[in-house]
């Protein structure tokens, strides 16, 4: 039956769990466990934390390391978004690295190290994170370029926190090049934002501001409020470091006043409130400081948990509060805690703040000698950091200068060679040039005409396919109506006459014939689609299939009727029908999960079964007999994309993406 409540779900899981215990062979046991885990919903974290480790151990014991790796990554992701589970996430991926050599997929091997590095990064252990990101890059191949780009980007961020300016910039530039070649504009913006942060950190404020103004314009144009808020927050931090405290507060206030449901980022909300709390601590406004600090703390408790990189920011704010409004001795203890955290994560900006705060606190406590010593240490460290900034800035601009210099030298030499060649072989060059132009022109003309013919043929084929589908549906509707209104009515009249006789068998045969006729009529044209709309029609179809077959069906169907016109609704409905026809005929499945999710004007329809699956490369030539050709044509008529994931023995997943 369909999943309708938690009790039904619990009973289903118990049944699947028992099938694991009752499996006779190890392979059957693993298969049963795979089905069991697939029915645990992502929000059922306690079940995930309990049963996924069991599944991983089982897969390892049977030598199925790829399954163990995939389950380890899924478990890691659940730990990562759960409060206080950072250490568990790290242990999970550390265990997964032990069977990396036994995994054939380069993508999966690299992804394990990528998640392992992320676990270290989340805990503030940036040196170890850098090492694991490097391992991930070594495992990936040319076919995994998007993941290589991610590893370079994240390694650049870790190096940024470590204060490795040149290395971080190099990683960012390489990552940006990958993303540009892959036409991933969103991640190009991410990299540009990180580069603006590192430029501002090292005093290159003009470079930072140029990048941020372009990013802000791009985000506003594309209505990306969350990205706009992140860039503005980082921009405020740059103004604070430069000593422009009023501008810093104005930007923070603008971001704070524009926070809404579209900007759903708890980490940003916490950082923003702590930055405002620190501002009001410096201004001596205890009430506003306490308001923003408490708000940040409540968001952390509800949505993030302790044990993240934000902990040091809370300690810093608590110190400022105690120093300005509380007990100086308590402030001294908080400063010790802040210093220990700054040393543990090796973040040089916090180390510099520790010395400045120590000088201020000793002065307030009347310890002028200690205050002078701390101030001297702060001044020396600041001067050394300034020297490093100056050196790194010089190295950066020197690299740009050398690159431009070499380009100019190459251009100059090319011009000299060109002039010599022109002077000595002017006539030959002219003849060769004209010949080449003629040949290239003819070639381009031929290719252009050929391309136009191909485009025209493709458009005609696409139009023919669309027109054929429309004609088929219209003909089905006509035949369905004729059967229902003509033959159906005649059969009903005959039934009424037979009912007046005593021949019960004849009446039964007529009932069966009428019911079969109605079924044929419904299959030819779904009148319930016109009466109920797409969403309800699909739900009814799933309920009927669930009641009439032995297949366990779960579903999550969003309301999407308003996004499609009548013809488009019919195509979507037929897609669902065709996929289920394939499942009933070929899959031998015991469970099917249907999702139709609306996400930012994109409809994602996925239908996944746990059947016998098939080798897509083998069946590709048998495209038409599988019904995939019709599915592809209907998807194309909706200007959508279709994806089929299937392996023998691992079930099949149909995914359709419709952009509205």
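Numbering (the working numbering), first residue to last: 2 to 661. C-beta: ideal position from N, C-alpha, C; glycine also.
Legend entry - Selection from 113, 640, 88 and 297 that minimises the alpha carbon distance to residue 97: Here residue 97 refers to the residue found at position 96 of the chain shown. Of 113, 640, 88 and 297, the residue nearest in Cα terms is 113.
Inset, instruction - Reducing DSSP to helix, strand and coil, say where residue 223 ends up. - result: What you label residue 223 is simply residue 222 of the chain shown in a count that begins at 1. If DSSP states are grouped into helix, strand and coil, residue 223 belongs with coil.
Inset, instruction - Compute the distance between the beta-carbons of residue 588 and residue 653, then report whether it is under 8 Å. - result: For the purposes of this step, residue 588 is taken as residue 587 along the chain shown, with counting starting at 1. For the purposes of this step, residue 653 is taken as residue 652 along the chain shown, with counting starting at 1. Result yes, Cβ atoms of residue 588 and residue 653 sit closer than 8 Å.
Legend entry - Test item: CB-CB of residue 87 and residue 318 under 8 Å: Taking the first residue of the chain shown as position 1, residue 87 is located at position 86. Taking the first residue of the chain shown as position 1, residue 318 is located at position 317. Their beta carbons are not under 8 Å apart, which means residue 87 does not touch residue 318 by this criterion.
Inset, instruction - Within its chain, find whatever has a CB closer than 7 Å to the CB of residue 129; leave out the 5 residues flanking it on each side and keep chain order. - result: Residue mapping note: residue 129 aligns to position 128 of the chain shown, counting from 1. Cβ neighbours of residue 129 beyond the five flanking positions: 121.
Legend entry - Minimum length 3: unbroken beta strand (DSSP E) runs contained in the region 231-266: none
Inset, instruction - Please work out which residues of its chain come closer than 8 Å, Cβ to Cβ, to residue 325, disregarding the five sequence neighbours upstream and downstream, and give them in chain order. - result: Position 324 of the chain shown, counted from the start, is the residue given in the question as residue 325. Cβ neighbours of residue 325 beyond the five flanking positions: 282, 283, 285, 287 and 290.
Legend entry - Three-state secondary structure (DSSP) of residue 556: Within the chain shown, residue 556 is the residue found at index 555, counting from 1. Note: residue 556 maps to strand in three-state DSSP.
Legend entry - Identity of the residue in 636, 657 and 551 nearest residue 646 by Cα: Position 645 of the chain shown holds residue 646. Closest option to residue 646, Cα to Cα, is 657.
Legend entry - Other residues of its chain near residue 137: CB distance less than 7 Å, five sequence neighbours each side excluded: Mapped onto the chain shown, residue 137 falls at position 136. These residues qualify, in order along the chain: 111, 114, 115, 118 and 152.
Legend entry - Opening and closing residue of the alpha helix (DSSP H) in which residue 47 lies: Start at 1 with the first residue of the chain shown, and residue 47 comes out as number 46. Unbroken alpha helix (DSSP H) run through residue 47: 46-62.
Inset, instruction - Could you check which residue in 204, 323 and 217 has the C-alpha nearest to that of residue 244? - result: For the purposes of this step, residue 244 is taken as residue 243 along the chain shown, with counting starting at 1. Residue 204 is the option with its Cα nearest to residue 244.
Legend entry - Entirely enclosed alpha helix (DSSP H) segments - the region 109-197, minimum 4 residues: 127-140, 146-163 and 166-182
Inset, instruction - Measure from the alpha carbon of residue 178 to the alpha carbon of each residue in 167, 158, 159 and 154, then state which is nearest. - result: Taking the first residue of the chain shown as 1, we reach residue 178 at position 177. Residue 154 is the option with its Cα nearest to residue 178.
Legend entry - Simplified DSSP assignment, three categories, for residue 669: The structure shown does not extend to residue 669, since the chain spans only 2 to 661, so no value can be given for it.
Inset, instruction - Use the C-beta contact count for residue 232: other C-beta atoms within 10 angstroms, 16 or more gives buried, fewer gives exposed. - result: Numbered from 1 along the chain shown, position 231 holds the residue referred to as residue 232. Flag for residue 232 reads buried.
Inset, instruction - Return the CA-CA distance between residue 206 and residue 91, expressed in angstroms with no decimal places. - result: Your numbering for residue 206 matches position 205 in the chain shown. Your numbering for residue 91 matches position 90 in the chain shown. So the alpha carbons of these two residues sit roughly 37 Å apart.
Legend entry - Terminal residues of the beta strand (DSSP E) in which residue 607 lies: In the chain shown, residue 607 corresponds to position 606, counting from 1. Looking at the DSSP string, the run of the beta strand (DSSP E) that includes residue 607 is 603-610.
Legend entry - Supposed close pair residue 535, residue 570 - CB separation, criterion 8 Å: In the chain shown, residue 535 corresponds to position 534, counting from 1. In the chain shown, residue 570 corresponds to position 569, counting from 1. With 8 Å as the limit, residue 535 and residue 570 qualify as a contact, their Cβ atoms being about 4 Å apart.
Inset, instruction - Give the C-beta separation of residue 271 and residue 301 to the nearest angstrom, bearing in mind that I take them to be a contact with Cβ-Cβ under 8 Å. - result: Indexing the chain shown from 1 puts residue 271 at position 270. Indexing the chain shown from 1 puts residue 301 at position 300. Confirmed, Cβ separation roughly 5 Å.
Legend entry - Spatial neighbours of residue 65 in its chain, beta-carbon cut-off 7 Å, leaving aside the 5 residues before and after: On the chain shown, position 64 is the one that residue 65 refers to. 31, listed in sequence order.
Inset, instruction - Quick one: using the 10 Å Cβ neighbour count with 16 as the cut-off for buried, is residue 190 buried or exposed? - result: The residue you call residue 190 lines up with position 189 of the chain shown. Result: buried.
Legend entry - Limits of the alpha helix (DSSP H) - the one that residue 36 falls within: As a position in the chain shown, residue 36 is number 35, starting the count at 1. 27-39 is the span of the alpha helix (DSSP H), which, as asked, contains residue 36.
Legend entry - In DSSP terms, what residue 592 is bridged to: Your numbering for residue 592 matches position 591 in the chain shown. Note: residue 592 sits in a beta bridge opposite 553.
Legend entry - Of the residues 651, 632, 450 and 638, the one placed nearest residue 644, counting alpha carbons only: Residue 644 sits at position 643 when you count from the first residue of the chain shown. The shortest C-alpha separation from residue 644 is found at 632.
Inset, instruction - Given a cut-off of 8 Å, decide if residue 236 and residue 252 are closer than it, judged by their beta-carbon atoms. - result: As a working mapping, residue 252 is identified with position 251 in the chain shown. As a working mapping, residue 236 is identified with position 235 in the chain shown. The answer is yes: Cβ separation under 8 Å.
Legend entry - Contacts around residue 84, its chain only, beta-carbon distance under 6 Å, and the 5 residues preceding and following it disregarded: Reading the chain shown from its first residue, position 83 is the one you call residue 84. Cβ within range, chain order: 306.
Inset, instruction - Go to residue 309, then tell me how far its beta strand (DSSP E) extends in each direction, as first and last residue. - result: Locating residue 309 in the chain shown gives position 308, where the first residue counts as 1. The continuous stretches of beta strand (DSSP E) do not include residue 309, and DSSP gives it neither H nor E.
Inset, instruction - Name the one or two DSSP bridge partners that residue 598 has. - result: On the chain shown, residue 598 is found 597 positions in, with the first residue counted as 1. DSSP lists 605 as partners of residue 598.
Legend entry - Test item: CB-CB of residue 109 and residue 70 under 8 Å: Within the chain shown, residue 109 is the residue found at index 108, counting from 1. Within the chain shown, residue 70 is the residue found at index 69, counting from 1. The answer is yes: Cβ separation under 8 Å.
Inset, instruction - Would you mind sorting residue 597 into buried or exposed? The rule is 16 or more other CB atoms within 10 Å of its CB. - result: Taking the chain shown and counting its residues from 1, one reaches residue 597 at position 596. With 16 or more other Cβ atoms within 10 Å, it is buried.
Inset, instruction - Put residue 79 into one of helix, strand or coil per three-state DSSP. - result: Here the question's residue 79 lines up with position 78 in the chain shown. The answer is helix: DSSP assigns residue 79 an H, G or I state.
Legend entry - beta strand (DSSP E) segment containing residue 653, residue limits: Here residue 653 refers to the residue found at position 652 when the chain shown is read from its first residue. Segment 653-660, the beta strand (DSSP E) holding residue 653.
Inset, instruction - Tell me, please, which residues DSSP counts as bridged to residue 645. - result: Position 644 of the chain shown, counted from the start, is the residue given in the question as residue 645. DSSP output for residue 645 lists 655 as bridge partner(s).
Inset, instruction - Could you check if residue 43 is buried or exposed, using at least 16 other CB atoms within 10 Å of its CB as the buried criterion? - result: Numbered from its first residue, the chain shown carries residue 43 at position 42. Classification of residue 43: exposed, given that the 10 Å Cβ count is below 16.
Legend entry - residue 561 (DSSP reduced to helix, strand or coil): Along the chain shown, read from residue 1 onward, the residue named residue 561 stands at position 560. Residue 561 falls in the coil class under three-state DSSP.
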